[in-house]
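Note sheet for the following structure.
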Amino acid sequence: MRDRSPDRLETDVLVIGAGPAGSAGALTLARHGLRVILADRARFPRDKACGDALIPDALAALARLGIEQQVLPRARRLAGLVITAPGGRRVQLRGPCAALPRRLLDDVLRQAAVDAGARWMSPARAIGPIEVGDRICGAMLSVTPDETLLRVRANWTILAAGGASIRLLQAFGVLRRPTPSAMAVRFYAHVPPPLSDTFDELHISFARDLSPGYGWVFPGPGHVFNLGVGVFGDARPADGRLNLRVLLDRFCRTFPPARAVLGASTSVTPLAGAPLRTGLAGAQLGRPGLLVAGEAAGTTYPLTGEGIGMALATGMAAAETIAQAAGDPDGACDQAYARHVESDFAARFQAYSLAQRYMAYPVVADYLAWRARTDGFVRRSLEALFNEAADARVLFSPAGLVRALRG
Ligand SMILES: Cc1cc2nc3c(=O)[nH]c(=O)nc-3n(C[C@H](O)[C@H](O)[C@H](O)COP(=O)(O)OP(=O)(O)OC[C@H]3O[C@@H](n4cnc5c(N)ncnc54)[C@H](O)[C@@H]3O)c2cc1C
Numbered sequence: 028m029r030d031r032s033p034d035r036l037e038t039d040v041l042v043i044g045a046g047p048a049g050s051a052g053a054l055t056l057a058r059h060g061l062r063v064i065l066a067d068r069a070r071f072p073r074d075k076a077c078g079d080a081l082i083p084d085a086l087a088a089l090a091r092l093g094i095e096q097q098v099l100p101r102a103r104r105l106a107g108l109v110i111t112a113p114g115g116r117r118v119q120l121r122g123p124c125a126a127l128p129r130r131l132l133d134d135v136l137r138q139a140a141v142d143a144g145a146r147w148m149s150p151a152r153a154i155g156p157i158e159v160g161d162r163i164c165g166a167m168l169s170v171t172p173d174e175t176l177l178r179v180r181a182n183w184t185i186l187a188a189g190g191a192s193i194r195l196l197q198a199f200g201v202l203r204r205p206t207p208s209a210m211a212v213r214f215y216a217h218v219p220p221p222l223s224d225t226f227d228e229l230h231i232s233f234a235r236d237l238s239p240g241y242g243w244v245f246p247g248p249g250h251v252f253n254l255g256v257g258v259f260g261d262a263r264p265a266d267g268r269l270n271l272r273v274l275l276d277r278f279c280r281t282f283p284p285a286r287a288v289l290g291a292s293t294s295v296t297p298l299a300g301a302p303l304r305t306g307l308a309g310a311q312l313g314r315p316g317l318l319v320a321g322e323a324a325g326t327t328y329p330l331t332g333e334g335i336g337m338a339l340a341t342g343m344a345a346a347e348t349i350a351q352a353a354g355d356p357d358g359a360c361d362q363a364y365a366r367h368v369e370s371d372f373a374a375r376f377q378a379y380s381l382a383q384r385y386m387a388y389p390v391v392a393d394y395l396a397w398r399a400r401t402d403g404f405v406r407r408s409l410e411a412l413f414n415e416a417a418d419a420r421v422l423f424s425p426a427g428l429v430r431a432l433r434g
């Protein structure tokens, strides 16, 4: 790092991290006419270990952001999700879905924020906050190529990075849970037609040896499939079984769609993986001057590991809260934002956490899959849940499960 006093910049809002949460936040703020700096340690476009699935909540968030037309033509549109229960029973859920590699999705989002007026800084790695009393007033960035130290002063900072590594959360004083909730790995396989054209849905399997977790086969654009496994470590004993490479290998040999895809593939990429922080737990949602959005705040869903939709939603929510307080730079945005997230999203996360606990018992997952084929309530609830058209507690609450079990 260059050894001299840091350069300085001033802005209304500094957004750290240009994943879905950060870019959605920066785009929203720029549209409100605020001066925004969007900083990421990576040079874009960059890869990101992910299943690349855009489930209905992500598509709805992209529509709210007004950029689905920039995303969908690049993506592979899919008709829904097929869940395979531990015993092999399949449940098909209809709903608009898509898949687009994060290398492309995140760059579209970032570019939309820049086009709206956000100032892009990359590679620019946040090191820690600038604090005045107990208020955060921006951050110190290390800017490549020569690792210049830059002091960015901001009325508000949105921390949308640190989901995968806790160092930033620690530095900003918002860390609550040092261990990740889950680990997941994936790779891509090129699968030429005709086989690739026969896939029209996302496929996930709650195979017994992945429990609590699942494996997936997601068809993407350009005849490229994304295959992976994710295991929720916070619900699993640390007994050495968590070798994801071994689990993925077994999944690829035993799950019929994965076997078919790999049998026809012409090339595969190396594995890439990352930890997940789920359940809206593990970090404080803010401090004076600071709002935490996306996976840094644990906004990835337990049970499914899907997080793009909620990252977009919390990024937008953080930005809207700041925009509403723009006339009052000292306003308690962090508290307003935390209240908003708690009231709008917390119940959903509780229900998914409960679902994760129940689904860890293969017998429950098998029974639910069987009921989904024989009982209208279970089927309707699962489909409504998938489409974000129902409160997750309808099914995943003690009362909902009793109703599902009784029929
Ligand atoms: C293997 C795997 C599969 C998954 N599959 C799916 C899926 O199919 N669908 C789905 O919806 N979700 C999926 N998820 C979850 C999803 O990836 C996350 O929920 C989502 O990426 C969260 O978005 P975010 O914007 O909060 O953070 P991120 O996407 O992690 O973005 C954070 C950004 O911050 C930057 N950054 C990090 N540190 C710094 C720093 N010090 N300074 C500056 N910038 C920094 C990073 O470079 C990155 O660009 C998966 C996760 C994994 C690990």
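With this note's numbering, the residue at position 38 of the sequence shown is 65, and numbering never jumps.
Even glycine gets a Cβ: it sits at the ideal position worked out from N, Cα and C.
Please report how far the alpha carbon of Val-212 lies from the alpha carbon of Leu-303, in whole angstroms. Rounded to the nearest whole angstrom, the CA to CA distance from Val-212 to Leu-303 is 11 Å.
Just tell me which of Gly-300, Thr-296, Ala-346 has its CA closest to the CA of Ala-320. Ala-346
Which first and last residues belong to the beta strand (DSSP E) in which Ala-126 is found? Start and end: 117-126.
Would you mind working out which of Gly-52, Arg-286, Gln-119 sits nearest Arg-91, comparing C-alpha positions? Gly-52
Output needed for Leu-222: all residues of its chain with C-beta closer than 6 Å, excluding positions within five of it in sequence on either side, in chain order. Ala-291
Are there three or more Cβ pairs, one per stretch, closer than 8 Å when the region 419-432 is compared with the region 398-408? yes
Under DSSP, the beta strand (DSSP E) around Thr-111 begins and ends at which residues? For Thr-111, the uninterrupted beta strand (DSSP E) run begins and ends at 103-111, by DSSP.
If we count Cβ pairs, one from each stretch, closer than 8 Å, do we get three or more for the region 311-320 versus the region 53-70? no
What three-state label does DSSP hand Leu-229 in the structure shown? strand
I think Ala-85 touches Gly-336, with their Cβ atoms under 8 Å apart; what is that distance to the nearest whole Å? 4 Å
Just the C-alpha distance for Ile-157 and Met-386, rounded to the nearest angstrom, thanks. Computed Cα separation, rounded: 43 Å.
DSSP state of Thr-175, grouped into three classes? strand
Can you give me the start and stop residues for the beta strand (DSSP E) that Leu-65 sits inside? 63-66
Beta-ladder partner(s) of Tyr-215, from DSSP: Asn-253
Beta bridge counterpart(s) of Arg-91 as assigned by DSSP: Arg-91 is not bridged to any residue.
Alpha carbon to alpha carbon, how far is Thr-326 from Ala-338? 6 Å
Check for me: the alpha helix (DSSP H) holding Phe-404 runs from which residue to which? 403-413
Please confirm whether any heavy atom of ligand 1 lies closer than 7 Å to the CB of Gly-306. no
What three-state label does DSSP hand Pro-315 in the structure shown? coil
To which residues of the same chain is Ala-145 closer than 8 Å at the C-beta, ignoring the five residues directly before and after it? Only residues of its own chain outside the window of five on either side were considered, and among them Val-42, Ala-53, Leu-54, Leu-56, Ala-57, Val-63, Ile-64, Leu-65 have a CB closer than 8 Å to the CB of Ala-145, listed in chain order.
Chain B within 8 Å of Glu-333, Cβ atoms only: No chain B appears in the structure shown, which is made up of a single protein chain.
Tell me the DSSP secondary structure of Gly-267 in three-state form. In this predicted model, Gly-267 has a pLDDT of only 48, less than 50, meaning its place in the structure is not dependable enough to derive any value.
Quick check: is any heavy atom of ligand 1 less than 7 Å from the C-beta of Asp-67? yes
Given 7 Å as the limit, tell me if Ala-140 has its C-beta closer than that to any heavy atom belonging to ligand 1. no
First and last residue of the uninterrupted beta strand (DSSP E) at Pro-156: 151-159
My guess is that Asp-371 and Leu-318 are in contact by the Cβ rule of under 8 Å, so how many angstroms apart are they, rounded? That belief does not hold up - the Cβ atoms of Asp-371 and Leu-318 are roughly 14 Å apart, past 8 Å.
Roughly how many whole angstroms lie between the Cα atoms of Trp-397 and Gly-242? 20 Å
Taking Ile-335 as part of the alpha helix (DSSP H), name the residues at either end of that continuous run. 335-351
In three-state terms, what does DSSP make of Asp-361? Helix.
Measuring only the C-alpha atoms, how far is Arg-277 from Gly-49? 36 Å
If you measure between the beta carbons of Ala-140 and Arg-121, is that distance less than 8 Å? No, the Cβ-Cβ distance between Ala-140 and Arg-121 is not below 8 Å.
Along the chain, where does the alpha helix (DSSP H) containing Thr-55 start, and where does it finish? 47-58
Could you name the residues of the same chain whose beta carbon sits closer than 7 Å to that of Leu-99, not counting the 5 residues immediately before and after it, in chain order? Ala-125
Run the CB neighbour count on Tyr-215, radius 10 Å, all protein chains shown included, and call it buried at 16 or more, exposed below. buried
How would you label Asp-34, buried or exposed, when you count the other beta carbons within 10 angstroms and need 16 or more for buried? exposed
Close Cβ partners of Leu-412 (< 6 Å) along its chain, the five nearest in sequence each way excluded: Ala-419
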